[in-house]
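Structure first, then comments.
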Amino acid sequence: MTQGVWFDRSTAGGRLELTDQHRLDLVHRMSTNDLNSLKIGEGCATVFTTALARIIDRVIVYHRGETALMLSAQPQVVQNWLRRHIFWQDRVKIKDVSGDWAQIETYGPDSLEFATQISPEAATLPLHHWREQDGIITARTYPLGGEGTHGFIFLVPVPMLDTFKTRLSECTGLLPGDDHAYEVMRIGAGLPAAGHELSESYIPLEAGLWDSVSFRKGCYIGQEIIARMESRNKLAKTLIALQLDGDAPLGAKLLAPDGSEGILTSIAQREDGVRVGLGFIKPQTAETGTLLQVEGSASTAVITTVPLITERRISV
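For the sequence shown, numbering that gives the first Met the number 0 assigns the number 0 to the initial residue and increments by one for each residue that follows.
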């Protein structure tokens, strides 16, 4: 990737604020990752799952001291889920603050340079850690632009958004991107998304969300199934990256040479005309170079070597 890009992702999901004594304890006991070890200025990705370990949503939580800020693709669903599991002794309040914060994301070679203009400490931030400078939160995120590039999320108070976008426009290394461009980058990086790879059809480990799961913490809803899958190293399906030679509908079956079936969950066409996708198939079939037939179509899909970004070590 030679050109940096920025996206306004304010309406692609939402933001929840948790306050009071048990703000992190609630999320810790209800989701897959270890939030008890978070310090102020740190954050992590975690997944809410059903009793059958099916994905409700994958969220990012930032520890802000007296408050915790959560980024969610489905804030209302998550808010309702959490409220259903608040006990009488819990001291926690949950508020949807999506309208208070704009969410801007930058990716590519010049993303880091811009981030350090907003927050001088940006260059040393580990994944999901954040700093706040002049009211703006800067957090490191997955580098969707590819190896050697950077990704940042900026949470900007809405009254400051116009000024922030003016600063973006003055950065010649970052151009505005649309939803399609974001999908191309997301799929190319192997990042699962709500409504595609993140749904109750899948379990976190099947979706490659290993970085969102702690295997050392205590019980949470769905924990027994996830722990058993990890200990036995046995998944029913696994997320794969694809390259297709033609168009195909979401949800199309992927037919493997051994007769097994998978499913296409994401597809987008790059500027060079190449179609990239994500899907699920049995682990035994998930070999690089395997050719899959798209059912009901003349198109085929080949499994590529793209490593899923949630399974990589993200360096600063």
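For each residue, glycine too, the CB sits at the ideal point set by N, CA and C. Being a predicted model, the structure only gives us computed values, none of them experimental.
Item                                                                                                    : Value
Given 8 Å, three or more beta-carbon pairs between the stretch 248-256 and the stretch 156-175          : no
Burial state of CYS218, where buried means 16 or more other Cβ atoms lie within 10 Å                    : exposed
Continuous alpha helix (DSSP H) assignments of at least 4 residues falling wholly in the stretch 26-110 : 74-83
N-terminal and C-terminal residue of the alpha helix (DSSP H) that GLU223 is part of                    : 222-231
Cβ pair ARG185, LEU143 closer than 9 Å                                                                  : yes
Three or more C-beta pairs below 8 Å linking the stretch 259-268 and the stretch 209-217                : no
Exposure of LYS236, with buried meaning 16 or more beta-carbon neighbours within 10 Å                   : buried
Residue span of the beta strand (DSSP E) that contains GLU120, given as start and end                   : It is not in any beta strand (DSSP E) - GLU120 carries neither H nor E in the DSSP assignment.
Validate contact between the stretch 84-96 and the stretch 234-249 using beta carbons, cut 8 Å, 3 pairs : no
Where VAL293 sits in the DSSP three-state scheme                                                        : strand
Alpha-carbon spacing of GLN2 relative to ILE85, whole angstroms                                         : 46 Å
Rounded distance between the beta-carbons of VAL77 and VAL46, thought under 8 Å                         : Actually they are not in contact, since the Cβ atoms of VAL46 and VAL77 sit about 11 Å apart, beyond 8 Å.
GLY132 - partner residues in DSSP beta bridges                                                          : It is Gln, not Gly, that sits at residue 132 in the sequence shown. Looking at the DSSP assignment, GLN132 forms a beta bridge with ILE135.
Cβ-based neighbour list, GLU270, same chain, cut-off 7 Å, excluding 5 preceding and 5 following         : none
Residues near GLY187 in its chain [Cβ-Cβ closer than 6 Å; skip 5 each side]                             : VAL275
Range of the contiguous beta strand (DSSP E) that encloses THR264                                       : 260-268
Beta-carbon proximity check, LEU174 vs TRP5, cutoff 9 Å                                                 : yes
Sufficient close CB pairs (3 or more, under 8 Å) joining the stretch 192-207 to the stretch 287-297     : no
Own chain residues within Cβ distance below 8 Å of GLN75, not counting five before or after             : GLY13 and ASP95
Identity of the residue in GLU260, THR140, ILE302 and ALA11 nearest ALA72 by Cα                         : ALA11
Beta-carbon spacing of ILE103, VAL155 below 9 Å                                                         : yes
Among MET29, VAL273 and ILE302, the one whose alpha carbon lies nearest that of GLU286                  : ILE302
Range of the contiguous alpha helix (DSSP H) that encloses ARG274                                       : ARG274 -> not in any alpha helix (DSSP H); beta strand (DSSP E) instead, spanning 274-280.
Closest by C-alpha distance to ALA122, when choosing among ARG139, GLU199, PRO191 and GLY272            : ARG139
For ALA285, three-class secondary structure by DSSP                                                     : coil
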